[in-house]
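full-length UniProt numbering applies: residue 1 is where the sequence shown begins, and numbers increase by one.
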Amino acid sequence: MSFLDKFRDKKQTAVSDQVQQIPLTQIEANTYQPRTQFTAEQITELAQSIAAHGLLQPIIVRQQSPEHYEIIAGERRFRAVSQLQWTQIPALVRTYSDQQSAALALIENLQRQDLNPIEEAQAYVHLKELNHLQQQELAQQLGKSQSYVANKIRLLKLAAPVQAAIAAGKISQRHGRALLGLSQAEQEALLPKIQERQLTVTATEKLVQAKKRPPVSPRKKIKALTSHSSRLTLNTLYDSLKLAEKSGAQFAYQEVDSPTEYQIIITVSKEDQNG
1 MSFLDKFRDK
11 KQTAVSDQVQ
21 QIPLTQIEAN
31 TYQPRTQFTA
41 EQITELAQSI
51 AAHGLLQPII
61 VRQQSPEHYE
71 IIAGERRFRA
81 VSQLQWTQIP
91 ALVRTYSDQQ
101 SAALALIENL
111 QRQDLNPIEE
121 AQAYVHLKEL
131 NHLQQQELAQ
141 QLGKSQSYVA
151 NKIRLLKLAA
161 PVQAAIAAGK
171 ISQRHGRALL
181 GLSQAEQEAL
191 LPKIQERQLT
201 VTATEKLVQA
211 KKRPPVSPRK
221 KIKALTSHSS
231 RLTLNTLYDS
241 LKLAEKSGAQ
251 FAYQEVDSPT
261 EYQIIITVSK
271 EDQNG
């Protein structure tokens, strides 16, 4: 039996099928609520709808003590009626375990598509640890592919500012996955550039690859020159120097020929030659 099957028989978990009026002061948010961000505008819109049409569906809670309840499903409704300054809210009381509570909270938000990618990843990790599941087992019991769950959880390896940007919708989770090849410090350094330039995922991937590419040693470049190209470069420089002399430029230069390279040192006086 999966952890999702443990609470499907309402007869076993229901304290009462009768809706109860519970004081708001006795209710608190779900400890395992995966959703951490609630948009004020959406809560206000829901409050206006409830004010006009009433609360059409009671929230679901579990009783922790005689005057202490925890929300299982319906935190948005709870926040909305709180905004309306109700003193009580209709609720169904259930006796769910921590595992069932966490699973229900996750499923409710997934079905409503209320979670941002970071919240979803955190919920998967919490559910996996709470139920002592391997990642593959969790994916199977949620009806997801293992790669889907794995890609979500990998987002939690990103630097905190990058996670915050994904959660806020400022960059996509695909941008985030592209940054995973860099250190967290490098991720933070590239984040403003991605946002300011509104880089695509492909452009971000190219930027990351360029960042990971080791710098080419200047000395290696010199050694890679052929004898022909070296002589051509020197001849071009000498021609430029002769033209400069003909134009009246005042400078001195010398050539240093070492076993591995040529050096041309040009000296120009800072003093005004026309005095």
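All residues carry an ideal CB built from backbone N, CA and C; glycine is no exception.
**Message:** Can you confirm whether the stretch 128-144 touches the stretch 169-183 when touching is taken to mean that 3 or more C-beta pairs between the two stretches lie within less than 8 Å?
**Reply:** no
**Asked** Cα separation between Ser258 and Asn235?
**Response** Walking along the sequence shown from the start, residue 258 turns up at place 258. Walking along the sequence shown from the start, residue 235 turns up at place 235. Between Ser258 and Asn235, the C-alpha separation is close to 17 Å.
**Prompt:** Under the three-state reduction of DSSP, which class applies to Glu70: helix, strand or coil?
**Reply:** Working through the sequence shown from its first residue, we reach residue 70 at position 70. The answer is strand: DSSP assigns Glu70 an E or B state.
**Prompt:** Three-state secondary structure (DSSP) at Val61?
**Reply:** As a first step, residue 61 must be located in the sequence shown, where it is residue number 61. Three-state result, Val61: strand.
**Message:** Pop quiz: Glu255 and Ile264 are said to be a contact at Cβ under 8 Å. What is the actual Cβ separation, rounded to whole angstroms?
**Reply:** Position 255 of the sequence shown, counted from the first residue, corresponds to residue 255. Position 264 of the sequence shown, counted from the first residue, corresponds to residue 264. The pair is a contact, with the Cβ atoms about 5 Å apart (cut-off 8 Å).
**First and last residue of the uninterrupted alpha helix (DSSP H) at Glu75** = In the sequence shown, counting from the first residue as 1, residue 75 sits at position 75. Element bounds for Glu75: 75-83.
**Asked** Which residue's Cα is closest to the Cα of Ile166: Gly74, Gln37, Val81, Tyr124?
**Response** Residue numbering aside, residue 166 sits at position 166 when the sequence shown is read from its first letter. The shortest Cα separation from Ile166 among Gly74, Gln37, Val81, Tyr124 belongs to Gln37.
**Message:** Check this for me: beta carbons of Ile43 and Ala80, under 7 Å apart or not?
**Reply:** For the purposes of this step, residue 43 is identified with residue 43 of the sequence shown, where counting begins at 1. For the purposes of this step, residue 80 is identified with residue 80 of the sequence shown, where counting begins at 1. Result yes, Cβ atoms of Ile43 and Ala80 sit closer than 7 Å.
**Message:** Tell me the residue span of the beta strand (DSSP E) that contains Pro117.
**Reply:** Your numbering for residue 117 matches position 117 in the sequence shown. Run containing Pro117: none in the beta strand (DSSP E); it sits in the alpha helix (DSSP H), 117-130.
**Asked** How would you call Gln122, buried or exposed, if buried means at least 16 neighbouring beta carbons within 10 angstroms?
**Response** For the purposes of this step, residue 122 is taken as the residue at position 122 of the sequence shown. Buried, because 16 or more other Cβ atoms sit within 10 Å of the Cβ of Gln122.
**Request:** Identify, in the order they occur along the chain, each residue of the same chain with its Cβ nearer than 8 Å to the Cβ of Ala185, setting aside the five sequence neighbours on each side.
**Result:** Residue numbering aside, residue 185 sits at position 185 when the sequence shown is read from its first letter. Here the set comprises Ala159.
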